[in-house]
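Using my numbering, the first residue of the sequence shown is number 2, and each one after it goes up by one.
Virtual Cβ for every residue (Gly too), placed ideally from N, Cα, C.
Model, not experiment: these values are computed from the prediction.
First up is the structure itself, then whatever we jot down about it.
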Amino acid sequence: MTRRSLPLLRSADASLPPLQARWLDAVLADPSLPEESNATCDDCAMLADPSLPPGALVFSPDTRCCTYLPTLANFLVGGALRSASPHGAASVRRRLSEGDGLSPIGLVADPALVASTHTDRERFGRDASLRCPHYEPVDGRCGVWAWREATCATWFCKHTRGERAKALWNRLHQLLSRLERAVAWHCALSLDIPPEALARIAPLDLPHGAPRADVSAPDDALWGRWSGDVEGYFLACAELAEALSPAEVLSLGGAEARALAATVRLAQRQLLDDALPARVALGRVQVVGLSVSSVRVQGYSHLDPLDVPRELFDQLHRFDGRPVEEALREASASAGQEVPPGAVGMLVDFDILRGVPHR
2 MTRRSLPLLR SADASLPPLQ ARWLDAVLAD PSLPEESNAT CDDCAMLADP
52 SLPPGALVFS PDTRCCTYLP TLANFLVGGA LRSASPHGAA SVRRRLSEGD
102 GLSPIGLVAD PALVASTHTD RERFGRDASL RCPHYEPVDG RCGVWAWREA
152 TCATWFCKHT RGERAKALWN RLHQLLSRLE RAVAWHCALS LDIPPEALAR
202 IAPLDLPHGA PRADVSAPDD ALWGRWSGDV EGYFLACAEL AEALSPAEVL
252 SLGGAEARAL AATVRLAQRQ LLDDALPARV ALGRVQVVGL SVSSVRVQGY
302 SHLDPLDVPR ELFDQLHRFD GRPVEEALRE ASASAGQEVP PGAVGMLVDF
352 DILRGVPHR
């Protein structure tokens, strides 16, 4: 088991869709994000493999992780109509013609359906009936990749720095979701969607300005001057969103977005901090596989187990809250070889070991 002293980073431009990546210029002085090299979309890391132990969780090659219906904000719809792959643009037009969740805010997935399927371990990544309409079955790619939304942009099955990297992506998801909503409402207001329509899209019983998913799309009153030219409306939304500066986007998100931006900066600093806790003890440890030379252990995520060499696994009980230097010395002496601090750091990243206060 090896561990990099610091995560490999790449620019936000290489990690996020182009528009959302640009927004981070107003959030991070150095908009570098983890290169999640273990979450390989082109060669899916969750497909069945002969090296996996019996019973290992795998995804279907017909779905991969794309058993999630994304909510596409109006400007993302417009961008996909304009410049997505032919399959991607056609898939967006199908959703527009079907009308489910269609409103001037965009294409809104039913929150109850999304919540129930995203957390169902038996169906997520496996059930072809849940496959995203933008999935390209020929090569398993996303038809709206450059216009994907916050969840699809920040979700990874595996993380090079385990829970610590996942925390940064989760914070980015919160921020980008807030900004996408703010920009969508800005576009609707700027393009003269009438207040009566806005009241129908965002009734008082939905929190945080979340748009409804059950608005009846064919009602002409919903579209104001754009009635009869829904595609033209979404294309105009894309142009409006692209014209906004990063600072303008952050301002549209208000105090909540500024607060979420602060949590993103904190998570980035924590990711780059490679210091070991002074004391560690066992965290979430579940053995999910065995081989002659290693033990497969699940820590922070059921999708991202870690293969721990047996000589190290047999020493984990020595990390019981005592100073980590003392535990390392005892573990190395018992194993007959050095237990490197970097390996312990990786176990901390994956929440197999966790920092504890001095008792």
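query: Going by beta carbon distance, what residues of the same chain come within less than 6 angstroms of Gly300, once the five residues before and after it are set aside?
result: The sequence position of residue 300 within the sequence shown is 299, counting from 1. If you ignore the 5 residues before and after Gly300, its C-beta comes within less than 6 angstroms of the C-beta of Arg285, Phe351, Asp352 and Ile353, all in its own chain and listed in chain order.
- prompt: Between the segment 86–95 and the segment 153–167, do at least 3 Cβ pairs fall closer than 8 angstroms?
  reply: no
message: If I follow the unbroken beta strand (DSSP E) through Leu354, where does it start and stop?
response: What you label residue 354 is simply residue 353 of the sequence shown in a count that begins at 1. Element bounds for Leu354: Leu354 to Gly356.
- request: Return the CA-CA distance between Leu177 and Ala282, expressed in angstroms with no decimal places.
  value: The residue you call residue 177 lines up with position 176 of the sequence shown. The residue you call residue 282 lines up with position 281 of the sequence shown. Going by the C-alpha atoms only, they are around 35 angstroms apart.
query: Between which two residues does the alpha helix (DSSP H) harbouring Leu283 extend?
result: Locating residue 283 in the sequence shown gives position 282, counting from the first residue. Not the alpha helix (DSSP H): Leu283 falls in the beta strand (DSSP E), residues Arg280 to Leu283.
field: Pro112, DSSP secondary structure in three states
entry: Reading the sequence shown from its first residue, position 111 is the one you call residue 112. Correct three-state label for Pro112: helix.
- request: Using a threshold of 9 angstroms, state whether the C-beta atoms of Leu245 and Val184 are closer than that.
  value: In the sequence shown, counting from the first residue as 1, residue 245 sits at position 244. In the sequence shown, counting from the first residue as 1, residue 184 sits at position 183. Yes; because the gap between Cβ atoms is below 9 angstroms, this pair is in contact.
task: Tell me whether Gly126 is buried or exposed, calling it buried when 16 or more other Cβ atoms sit within 10 Å of its Cβ.
output: Sequence index remark: in the sequence shown, residue 126 carries index 125 (1-based). The residue in question, Gly126, is buried, as its Cβ has 16 or more Cβ neighbours within 10 Å.
message: If the criterion is Cβ atoms closer than 9 angstroms, does the pair Asp121 and Ser61 meet it?
response: Position 120 of the sequence shown, counted from the start, is the residue given in the question as residue 121. Position 60 of the sequence shown, counted from the start, is the residue given in the question as residue 61. Going by C-beta atoms, Asp121 is not nearer than 9 angstroms to Ser61.
query: Where do the ends of the beta strand (DSSP E) carrying Gln299 lie?
result: Numbered from its first residue, the sequence shown carries residue 299 at position 298. Note, Gln299: beta strand (DSSP E), Ser295 to Gln299.
C-alpha distance - Met347 paired with Ala151, whole-angstrom precision: As a working mapping, residue 347 is identified with position 346 in the sequence shown. As a working mapping, residue 151 is identified with position 150 in the sequence shown. Answer to the nearest angstrom: the Cα atoms are 27 angstroms apart.
- prompt: How big is the Cα-Cα spacing for Gly102 and Gly322?
  reply: Residue 102 sits at position 101 when you count from the first residue of the sequence shown. Residue 322 sits at position 321 when you count from the first residue of the sequence shown. About 51 angstroms.
Residues bridged to Tyr136 [DSSP beta-bridge criterion]: As a position in the sequence shown, residue 136 is number 135, starting the count at 1. DSSP, once it has assigned bridges, lists Cys143 as partnering Tyr136.
field: Gly254 beta carbon less than 9 angstroms from that of Arg179
entry: Taking the sequence shown and counting its residues from 1, the one referred to as residue 179 is at position 178. Taking the sequence shown and counting its residues from 1, the one referred to as residue 254 is at position 253. Arg179 places its beta carbon less than 9 angstroms from that of Gly254.
task: Inspect the beta-carbon positions of Leu169 and Gln271 and report whether they are closer than 9 angstroms.
output: For this step, residue 169 is matched to residue 168 along the sequence shown. For this step, residue 271 is matched to residue 270 along the sequence shown. Yes; because the gap between Cβ atoms is below 9 angstroms, this pair is in contact.
Ser33: first and last residue of the uninterrupted beta strand (DSSP E) it sits in: Taking the first residue of the sequence shown as position 1, residue 33 is located at position 32. Counting along the chain, the beta strand (DSSP E) containing Ser33 begins and ends at Ser33 to Pro35.
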